[in-house]
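Asks: The following block contains the structure, expressed as structure tokens.
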Amino acid sequence: MLELDYTNVLEEAVHNHGIPKIAFQKAADSSKQVVEAIHQAHTSGKLGFGDVPSDEDAVKGVVDFAQSHAYPNVLLLGIGGSALGPAALDAGLNRPNSGKRLTVLDNIDPDFIRDSLDAISPQETIVNVIAKSGVTAETMATFAVVRKWMI
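Numbering (our numbering), first residue to last: 1136 to 1286.
Right under this line is the structure:
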């Protein structure tokens, strides 16, 4: 189970620059309807991956794969939140000299795609395609180009 500890962002921890605890309480109260809607969508089968974080076999499989396939490059295909979330995590967690590179193809500009692919090797790259609907036109078009580049 994932747990959020926001102690160090609170007003009582960092004074004037912190967030008042009441703000979190109000957000929790106002988000109950959203949480219920997500829960209903999950139990009805509309959301396919809600159990993955608590599925120990799935988590172990991802960790084992990551440890046994040490690709220096991750090529992410997606737009909007599908690209912004991973890019933000990379910016916050990846060290400049780690030898790991995340390349995000988040638009269909041919020059951008070509320049991005020219900067990495397909033999040293793992590709992650993110499309919440599974049929996002821009992401699927980019995937067609990347698939050809990979083979």
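The C-beta atom is built at its ideal place from N, Cα and C for all residues, glycine as well.
Please read these numbers as outputs of a predicted model, since none were measured by experiment.
List in chain order: all unbroken beta strand (DSSP E) runs of 3+ residues lying wholly within the stretch 1206 to 1267.
Replies: Runs found: 1208 to 1212, 1236 to 1240, 1260 to 1264.
Asks: Does glycine 1102 pass the burial test, meaning 16 or more other C-beta atoms within 10 Å, or should it be called exposed?
Replies: Nothing can be reported for residue 1102, as the shown portion of the chain is limited to 1136 through 1286.
Asks: Please state whether DSSP places isoleucine 1286 in a helix, a strand or coil.
Replies: Isoleucine 1286 falls in the coil class under three-state DSSP.
Asks: Taking one C-beta from the stretch 1180 to 1197 and one from the stretch 1227 to 1240 each time, how about it: are there three or more such pairs within less than 8 Å?
Replies: No, the stretch 1180 to 1197 is not in contact with the stretch 1227 to 1240.
Asks: Across the stretch 1213 to 1233 and the stretch 1164 to 1182, are there enough close Cβ pairs to call them in contact, namely three or more that are closer than 8 Å?
Replies: They do not touch, by the three-pair rule.
Asks: Which first and last residues belong to the alpha helix (DSSP H) in which threonine 1178 is found?
Replies: It spans 1167 to 1178 - the alpha helix (DSSP H) in which threonine 1178 sits, taken as one unbroken run.
Asks: Per DSSP, which one or two residues make a beta bridge with leucine 1182?
Replies: Looking at the DSSP assignment, leucine 1182 forms no beta bridge with any residue, so it has no partner.
Asks: Among the residues of its own chain, which have a CB less than 7 Å from the CB of aspartate 1225, if the five just before and after it don't count?
Replies: Result list for aspartate 1225: Leu1237, in chain order.
Asks: Using the C-alpha atoms, what's the distance from tyrosine 1206 back to threonine 1277?
Replies: Computed Cα separation, rounded: 21 Å.
Asks: For the alpha helix (DSSP H) that contains serine 1189, what are its first and last residues?
Replies: Segment: none, serine 1189 is in no alpha helix (DSSP H) and carries neither H nor E.
Asks: Could you tell me which of Asp1192, Val1197, Phe1247, Gly1227 sits nearest to leucine 1212, measuring between CA atoms?
Replies: When each option's Cα is compared against that of leucine 1212, the closest is Phe1247.
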